[in-house]
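A.B. asks: As numbered in this note's numbering, residues 588 to 998 make up the sequence shown, in order.
For glycine and all other residues, C-beta sits at the position ideal for the given N, C-alpha and C.
From a predicted model like this one, the values you see are computed outputs, not experimental measurements.
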Amino acid sequence: MEKLQQIQQSIITSKELLRTHFNVKKSFDLAQSNTKKEVDNILEMQHKEIPVIPEIDYKSIVNGKVSFDEIANIKRRGALIIRNVFDDQQASEWNDEVGDYILSNDYFTKSVEREGMDQYFSQLKSGAPQIFGIYWSRPQMLARQSQSMANTKRFLNSMWNVSSPHGDEFDPNNDFIYADRIRRREPGDETLGLSPHIDGGSFERWTDPAFQKVYGSVFNGDLKSYDPWNAAHRTHTKEYKSPAVCSMFRTFQGWTALTAQGPSDGTLSLIPIANSMSYLLLRALQDDIAPDSLCDATPGRPLLISSDYHQDLLDGIVTIQDVNPGDTVWWHPDLTHAVADKHTGKDYSNVMFIGSSPQCKKNLDYAKRQTQNFILGKSPPDFAAEDYEVDFNGRFTIEELSDLGQNQMAL
Numbered sequence: 588m589e590k591l592q593q594i595q596q597s598i599i600t601s602k603e604l605l606r607t608h609f610n611v612k613k614s615f616d617l618a619q620s621n622t623k624k625e626v627d628n629i630l631e632m633q634h635k636e637i638p639v640i641p642e643i644d645y646k647s648i649v650n651g652k653v654s655f656d657e658i659a660n661i662k663r664r665g666a667l668i669i670r671n672v673f674d675d676q677q678a679s680e681w682n683d684e685v686g687d688y689i690l691s692n693d694y695f696t697k698s699v700e701r702e703g704m705d706q707y708f709s710q711l712k713s714g715a716p717q718i719f720g721i722y723w724s725r726p727q728m729l730a731r732q733s734q735s736m737a738n739t740k741r742f743l744n745s746m747w748n749v750s751s752p753h754g755d756e757f758d759p760n761n762d763f764i765y766a767d768r769i770r771r772r773e774p775g776d777e778t779l780g781l782s783p784h785i786d787g788g789s790f791e792r793w794t795d796p797a798f799q800k801v802y803g804s805v806f807n808g809d810l811k812s813y814d815p816w817n818a819a820h821r822t823h824t825k826e827y828k829s830p831a832v833c834s835m836f837r838t839f840q841g842w843t844a845l846t847a848q849g850p851s852d853g854t855l856s857l858i859p860i861a862n863s864m865s866y867l868l869l870r871a872l873q874d875d876i877a878p879d880s881l882c883d884a885t886p887g888r889p890l891l892i893s894s895d896y897h898q899d900l901l902d903g904i905v906t907i908q909d910v911n912p913g914d915t916v917w918w919h920p921d922l923t924h925a926v927a928d929k930h931t932g933k934d935y936s937n938v939m940f941i942g943s944s945p946q947c948k949k950n951l952d953y954a955k956r957q958t959q960n961f962i963l964g965k966s967p968p969d970f971a972a973e974d975y976e977v978d979f980n981g982r983f984t985i986e987e988l989s990d991l992g993q994n995q996m997a998l
């Protein structure tokens, strides 16, 4: 109770401070207008059946053939699909192997025993996701430490301006593994849906000193100067500790498809507007929001994007295009995303969650703790301590790490 009161007071104090800097109503009107223009463009593209999420092929990255216009579009949308990062047969074989790993180690029985440990998504009205607390399977680790994934992440990191008052905010050419889970969604499933939300911090985006610097130009009313691709101060933010709240800085969240999936398969939706955070931050500072509220942002939970406050933005939500095994999907850490309530397709909709987490002090600190859990087969520090894999047969071991993998695991 005392901690909740402290949080409420920090919200009140932060809002009072932020509201004194400039005309929040005038600035929000501008952010709202900019958002509506972007949404109108998205709706027009959908009407013309033009894919909204940018697509490039992995070979274009390797061969340096990604054009300036393509990069500009990626930066505008804050999301992209990269095709053929892995061979489709390889991805399909990994999918089968993950399924065998789960079944042969009796995951389902153990998951019932540990039910309720992970509460991160409990606030999202569509229900808790059908996600497997598996982190150290052979396919996951092989994908993470692959050269093609390293090349992909290097390209993604190049979207960012890494310079900051502290020196380079991160090393764009090298990353640490951030071990995340697996999604395996059955046809007809109605339990995995996730309402529109943003990960990586909720109320902290207004109250944390580093986040206030990240969004300084927004909070000072200078919206034109805000650049969502400026990395300065982003690796110095402090998130509220809670199971499944990411302790690493990710330049992109992402996943790798293990099966073919598309709009009817209960998969990912995005609001592809990289500069949408100006609208969200300023919305919470308007007069119709209570002094101790940030549009219902809750500590230790995703930042909920709701029709009660953010309908202008929600009008721009789109489902990703069809993807095949081996394709990857990526989105900016400030981008709103969701998972459809129902899988109406005929086949499984399966992915491995693999984001881009470049090497920096913040990520190194977490990587060292994560590696200790990896050695023991325990769940990573950010996640509920379900520890399914401690006695799993076929779990990936430290001896199987490549040189690249050892570097990515801070060894």
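What does DSSP give as the partner residue(s) for residue 781 in the beta ladder?
C.D. replies: In the sequence shown, counting from the first residue as 1, residue 781 sits at position 194. Answer by DSSP bridge pairing, in chain order: 926.
A.B. asks: Between the stretch 660 to 676 and the stretch 901 to 918, are three or more C-beta pairs nearer than 8 Å?
C.D. replies: They touch, by the three-pair rule.
A.B. asks: Using a Cβ-Cβ cut-off of 8 Å (strictly less than) and excluding sequence neighbours within five positions of residue 900, which residues of its own chain qualify?
C.D. replies: On the sequence shown, position 313 is the one that residue 900 refers to. Excluding positions up to five away in sequence, the list reads 622, 626, 858, 860, 863, 866, 867, 892 and 923.
A.B. asks: Is residue 855 helix, strand or coil when you go by DSSP?
C.D. replies: Numbered from its first residue, the sequence shown carries residue 855 at position 268. Strand at residue 855.
A.B. asks: Sort 873, 971 and 653 by Cα distance to residue 619 and report the nearest one.
C.D. replies: Position 32 of the sequence shown, counted from the start, is the residue given in the question as residue 619. Selected option, being the one with the closest Cα: 873.
A.B. asks: For residue 646, which residues from the same chain have a beta carbon less than 8 Å from its beta carbon, with the 5 sequence-adjacent residues on both sides left out?
C.D. replies: Here residue 646 refers to the residue found at position 59 when the sequence shown is read from its first residue. Cβ neighbours of residue 646 beyond the five flanking positions: 652 and 671.
A.B. asks: Would you report the Cα separation of residue 986 and residue 724, rounded to the nearest angstrom?
C.D. replies: As a working note, residue 986 is residue 399 in the sequence shown. As a working note, residue 724 is residue 137 in the sequence shown. Near 14 Å, if we compare the C-alpha coordinates of residue 724 and residue 986.
A.B. asks: Quick one: what's got a C-beta closer than 7 Å to residue 799's C-beta in the same chain, skipping five residues either side?
C.D. replies: For the purposes of this step, residue 799 is identified with residue 212 of the sequence shown, where counting begins at 1. Counting only Cβ-Cβ distances below 7 Å, and skipping sequence neighbours, we find 806.
A.B. asks: Measure the Cβ-Cβ separation of residue 742 and residue 995 and say whether it is below 7 Å.
C.D. replies: The residue you call residue 742 lines up with position 155 of the sequence shown. The residue you call residue 995 lines up with position 408 of the sequence shown. Not in contact: residue 742 and residue 995 (Cβ atoms no closer than 7 Å).
A.B. asks: Quick check for students: name the residue ranges of the beta strand (DSSP E) that lie wholly in the stretch 641 to 699, counting only runs of 3 or more.
C.D. replies: Runs found: 642 to 644 and 666 to 670.
A.B. asks: Indicate whether residue 838 and residue 744 have their beta-carbon atoms separated by less than 7 Å.
C.D. replies: Here residue 838 refers to the residue found at position 251 when the sequence shown is read from its first residue. Here residue 744 refers to the residue found at position 157 when the sequence shown is read from its first residue. Yes, they are a contact pair.
A.B. asks: Output yes or no for whether 7 Å exceeds the beta carbon distance between residue 938 and residue 770.
C.D. replies: Taking the first residue of the sequence shown as 1, we reach residue 938 at position 351. Taking the first residue of the sequence shown as 1, we reach residue 770 at position 183. It is a contact, given that the beta carbons lie within the stated cut-off.
A.B. asks: Rounded to the nearest angstrom, how far is the Cβ of residue 779 from that of residue 910, given a contact under 8 Å?
C.D. replies: Here the question's residue 779 lines up with position 192 in the sequence shown. Here the question's residue 910 lines up with position 323 in the sequence shown. Not quite, the Cβ-Cβ distance comes to about 17 Å (not below 8 Å), so this is no contact.
A.B. asks: In terms of residues, what are the limits of the beta strand (DSSP E) holding residue 939?
C.D. replies: As a first step, residue 939 must be located in the sequence shown, where it is residue number 352. Residues 936 to 940.
A.B. asks: Could you round the C-beta distance between residue 657 and residue 641 to whole angstroms and report it? I think they count as a contact, below 8 Å.
C.D. replies: Within the sequence shown, residue 657 is the residue found at index 70, counting from 1. Within the sequence shown, residue 641 is the residue found at index 54, counting from 1. So it is a contact: roughly 7 Å between Cβ atoms.
A.B. asks: To the nearest angstrom, how far is the alpha carbon of residue 810 from that of residue 789?
C.D. replies: One-based indexing of the sequence shown puts residue 810 at position 223. One-based indexing of the sequence shown puts residue 789 at position 202. If you take the alpha carbons of residue 810 and residue 789, they lie about 21 Å apart.
A.B. asks: I'd like to know whether the C-beta atoms of residue 878 and residue 661 end up nearer to each other than 7 Å.
C.D. replies: Within the sequence shown, numbered from 1, the residue matching residue 878 stands at position 291. Within the sequence shown, numbered from 1, the residue matching residue 661 stands at position 74. Taking 7 Å as the Cβ cut-off, residue 878 and residue 661 do not qualify as a contacting pair.
A.B. asks: Using DSSP with H/G/I as helix, E/B as strand and the rest coil, what is residue 626?
C.D. replies: Counting from 1 along the sequence shown, the entry for residue 626 is found at position 39. Looking at residue 626 - three-state DSSP - the assignment turns out to be helix.
A.B. asks: Within 10 angstroms of the Cβ of residue 962, are there 16 or more other Cβ atoms? Answer buried if so, exposed if not.
C.D. replies: Taking the sequence shown and counting its residues from 1, the one referred to as residue 962 is at position 375. The residue is exposed, with fewer than 16 neighbouring Cβ atoms inside 10 Å.
A.B. asks: At 3 residues or longer, what runs of the beta strand (DSSP E) sit wholly inside the stretch 869 to 917?
C.D. replies: You should have found no qualifying run.
A.B. asks: Take the Cβ of residue 775 as the centre, count every other Cβ of all protein chains shown within 10 Å, and call the residue buried at 16 or more, exposed below.
C.D. replies: Working through the sequence shown from its first residue, we reach residue 775 at position 188. The residue in question, residue 775, is exposed, as its Cβ has fewer than 16 Cβ neighbours within 10 Å.
A.B. asks: So, do the stretch 672 to 679 and the stretch 725 to 737 have three or more beta carbon pairs nearer to each other than 8 Å?
C.D. replies: Yes, they touch.
A.B. asks: So residue 761 is in the beta strand (DSSP E); what residue range does that whole segment cover?
C.D. replies: Sequence index remark: in the sequence shown, residue 761 carries index 174 (1-based). Per DSSP, residue 761 belongs to the beta strand (DSSP E) from 758 to 762.
A.B. asks: What residues in its chain sit with their C-beta under 6 Å from that of residue 949, if we drop five residues either side in the sequence?
C.D. replies: Start at 1 with the first residue of the sequence shown, and residue 949 comes out as number 362. So the list reads 822 and 836, once near-sequence residues are dropped.
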